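K.L.:
According to the working numbering, the sequence shown holds residues 1 to 131 in order.
Glycine included, C-beta positions come from ideal geometry on N, C-alpha and C.
Small disclaimer: the values here were computed from a predicted structure and weren't measured.
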Amino acid sequence: MSLEPLYDAPLVIRVHAIAAMAAILLGAIQLFRTKGTASHRLFGYSWAILMLVVAGSSLWIHEWRLLGPWSPIHLLSMLVLVAVPIGVWNAHQHRVDKHRAGMIKLYGLALILTGLFTLLPGRIMHSVVFG
1 MSLEPLYDAP LVIRVHAIAA MAAILLGAIQ LFRTKGTASH RLFGYSWAIL
51 MLVVAGSSLW IHEWRLLGPW SPIHLLSMLV LVAVPIGVWN AHQHRVDKHR
101 AGMIKLYGLA LILTGLFTLL PGRIMHSVVF G
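Spelled out as structure tokens, the structure:
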């Protein structure tokens with residue numbers, strides 16, 4: 001494993017990758033911690049901000065183009081930019097079931113599943129992880 005390919009990547013990709021890795025770690029911690037505590041809220045806000053950074057930064061990454069400069073991943077980014085505030089709002093409204101379901105889906109689909117695609121040969125994270 002070498003971070004060198006990431007160091008050589010454009011700034012937007014570095015920001016995107018670092019925010020995604022931090023969100024994966026913080027999200028995993030959140031899944032196993034006690035819910036409803038002050039630290040859960042603090043970690044949750046931090047995770048939400050990281051998710052917005054991940055989704056927002058992806059809008060400036062156009063290495064995989066399907067329709068002009070856009071790809072299906074950009075649709076997911078737009079969904080994340082809408083779903084994160086909804087998930088936070090659900091928590092504020094004490095709609096715990098909706099909050100939990102939405103955040104777990106975001107973690108699984110927007111981070112883990114898409115993260116696996118970054119490990120495909122030819123991608124920067126493939127080079128980082130597999131050399």
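Give me the DSSP bridge partner(s) of Leu67.
P.N.:
Leu67 pairs with Trp70.
K.L.:
When you compare only the Cα positions, how much space is there between Ala17 and Val54?
P.N.:
Cα to Cα, the separation comes out at about 8 angstroms.
K.L.:
Using a Cβ distance threshold of 8 angstroms, determine whether the segment 29-46 contacts the segment 70-81, with at least three qualifying pairs required.
P.N.:
Not touching, per the Cβ criterion.
K.L.:
Once the 5 residues before and after Arg14 are set aside, which same chain residues still bring their CB inside 7 angstroms of it?
P.N.:
Closer than 7 angstroms at Cβ, skipping near neighbours: Leu6.
K.L.:
In the structure shown, what three-state DSSP assignment does Leu59 receive?
P.N.:
Leu59 falls in the coil class under three-state DSSP.
K.L.:
Between Val15 and chain D, is the shortest Cβ-Cβ distance under 7 angstroms, so that the two count as touching?
P.N.:
In the displayed structure, chain D is absent; only one protein chain is listed.
K.L.:
Would you kindly check if the distance between the Cβ of Leu52 and the Cβ of Val84 is under 7 angstroms?
P.N.:
Going by C-beta atoms, Val84 is nearer than 7 angstroms to Leu52.
K.L.:
In or out: His74 buried (at least 16 other Cβ within 10 Å) or exposed?
P.N.:
Buried: at least 16 other Cβ atoms inside 10 Å.
K.L.:
Under a Cβ-count criterion, where at least 16 other Cβ atoms within 10 Å of its own Cβ denotes burial, should Ala23 be classed as buried or exposed?
P.N.:
By the 10 Å Cβ count, Ala23 comes out buried.
K.L.:
Given a cut-off of 7 angstroms, decide if Ser71 and Val12 are closer than it, judged by their beta-carbon atoms.
P.N.:
Not closer than 7 angstroms, so no.
K.L.:
Can you look up Ser46 in the DSSP assignment and give me helix, strand or coil?
P.N.:
Residue state, collapsed to three classes: helix.
K.L.:
Can you tell me whether Leu50 is buried or exposed, with buried defined as 16 or more other CB within 10 angstroms of its CB?
P.N.:
Looking at its Cβ environment, which holds 16 or more other Cβ atoms inside 10 Å, Leu50 is buried.
K.L.:
According to DSSP, simplified to helix, strand and coil, what is Arg123?
P.N.:
Residue state, collapsed to three classes: coil.
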